[in-house]
Every structure is written in structure tokens, then in C-alpha cells.
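*Asks:*
Residue numbers (this note's numbering): 10 to 76.
(1) Got a sec, what are the start and stop residues for the beta strand (DSSP E) residue 37 sits in?
(2) Using DSSP with H/G/I as helix, E/B as strand and the rest coil, what is residue 58?
(3) When the Cβ atoms of the segment 12-19 are set against those of the segment 43-51, are three or more pairs found closer than 8 Å?
(4) To which residues of the same chain is residue 25 closer than 7 Å at the C-beta, ignoring the five residues directly before and after it?
(5) Spatial neighbours of residue 58 within its chain, please: CB distance less than 7 Å, with the 5 preceding and 5 following residues excluded, ordered by chain position.
(6) Please name the residue in 22, 23, 42 whose C-alpha comes closest to that of residue 60.
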């Protein structure tokens, strides 16, 4: 619902601060909806992190390690 987008983004400030405070460069979640929301927060707050699914995180690790 586009009419609530600003409210959703503003309510994500605490999560954005947690991500920034963690020092993480990658944020992973098992929930597709959460991944979309985290990507939105990433863009809105300029977090400069990569938002991925846990599956993508594991797949990337296997490729990087020659698995």
C-alpha cells in the first residue's frame, strides 16, 4: 500500500540503527517480505549493506570457498 510507505520507512528507523550499529556489510533473512523491507530501509537510510536471503548467503559462501 503506497499510501503507508512513508510510515513503514520511518518505523524502520530502529532497525536501520541496529544494522548500522552492528557494522555488518551483509544482512540476511529467511523471509522474502523482510528482504524487501530491509532493501527499502537500506535505500531510504543509505545503509550501504547488501540485503540477501539466507539461501543466497549460503550459495555465495559455497562458491567463494569452492564448495
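Cβ coordinates follow ideal geometry from the N, Cα and C atoms, glycine included. Treat the numbers as computed from the prediction; the structure is a model and nothing was measured.
*Replies:* For this structure:
(1) The count along the chain shown starts at 1 and reaches residue 37 at position 28. Counting along the chain, residue 37 sits inside the beta strand (DSSP E) bounded by residues 35-38.
(2) One-based indexing of the chain shown puts residue 58 at position 49. Note: residue 58 maps to coil in three-state DSSP.
(3) At 8 Å Cβ cutoff, the stretches touch.
(4) Working through the chain shown from its first residue, we reach residue 25 at position 16. Setting aside the 5 residues that flank it on each side, residue 25 is surrounded in the same chain by 50, 54, 56, each with a C-beta closer than 7 Å to its C-beta; the list follows chain order.
(5) Numbered from its first residue, the chain shown carries residue 58 at position 49. Cβ contact annotation for residue 58 (same chain, cutoff 7 Å, sequence separation greater than five): 28, 33, 34, 35, 36, 51, in chain order.
(6) As a working note, residue 60 is residue 51 in the chain shown. Looking at the Cα atoms, 42 is the closest of the given residues.
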